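**Q** Residue numbers (the numbering used here): 14 to 234.
A single structure is presented below for examination.
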């Protein structure tokens, strides 16, 4: 996706930031335990690629598999809608979103997965004490800090607005759900919106470093 959008050099930078991100670098460390996220990320990145390439069938298949990997993939649907390369009639582009969504929902009902009866009581655990509340905020920063700092430090241009909006929209949907319905200490859960920043963060790497270099005072000896 990064190579298609920004070229090979930027793609290497995006890979560097991706693998250096806290939730990826420490993906098998408790309480991250992100053993199931690689499949989800693979199919989400494929969904992005097919979407930007205008391949509706590929997008539908990849998005369906992303939802099978983890149901939280559904939260990225509004972001995908914003990233249509050449938005056409809304009715014409609805099927490629609705068909995989209906297929996944049918499968989800068919397998009859047991729900967590205390699902919406996790917010009390995430803020049970000042210490735990601090850990919750720290988890949020660890999950997003590096990628967000580099991406916005590079001052993305107007062409990046759809990606930025997709990230902010997903962030606004995902974060409250994690805080209210999951353990926020599992920082991997908070990283989902970064799917929309990772493809472009490589292009922001050099401008971000240049800004840091220019703002750092030179010591005279």
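Just so it is clear, CB atoms sit at the ideal spot from N, CA and C, and this is done for glycine as well.
Note that the structure is predicted; figures quoted are calculated from it, not measured.
1. For residue 107, name the three-state secondary structure that DSSP assigns.
2. Could you give the residue range of the alpha helix (DSSP H) that holds residue 31?
3. Do residue 105 and residue 97 have their C-beta atoms within less than 8 Å of each other?
4. Rounding to the nearest angstrom, what Cα-Cα distance links residue 95 and residue 206 in this structure?
5. Residue 46: which of 35, 56 and 122 sits nearest, CA to CA?
6. Helix, strand or coil: which one does DSSP assign to residue 161?
7. Give me the Cβ distance between residue 166 and residue 30, rounded to the nearest whole Å; I'm assuming they're in contact under 8 Å.
8. Hey, out of 170, 163, 228 and 156, whose CA is closest to residue 44's CA?
9. Pick helix, strand or coil for residue 206, following the three-state DSSP scheme.
10. What residue does the alpha helix (DSSP H) around residue 197 start on, and which one ends it?
11. Between the region 219-226 and the region 188-196, do at least 3 Cβ pairs fall closer than 8 Å?
12. Tell me the residue span of the alpha helix (DSSP H) that contains residue 222.
13. Could you tell me the distance, in whole angstroms, from the CA atom of residue 225 to the CA atom of residue 48?
14. From what residue to what residue does the alpha helix (DSSP H) around residue 84 run?
15. To the nearest angstrom, report how far apart residue 181 and residue 187 are at their CA atoms.
16. Below 7 Å CB to CB, which residues in the same chain sit around residue 136 once its five sequence neighbours on both sides are set aside?
**A** Reading it off the structure:
1. In this structure, residue 107 counts as coil in the three-state DSSP scheme.
2. 21-33
3. no
4. 14 Å
5. It is 35.
6. helix
7. Rounded, the Cβ-Cβ distance is 11 Å, inconsistent with contact.
8. 156
9. helix
10. Looking at the DSSP string, residue 197 is not in any alpha helix (DSSP H), and its letter there is neither H nor E.
11. no
12. 211-228
13. 35 Å
14. Counting along the chain, residue 84 falls outside any alpha helix (DSSP H), and DSSP gives it neither H nor E.
15. 10 Å
16. 192 and 193
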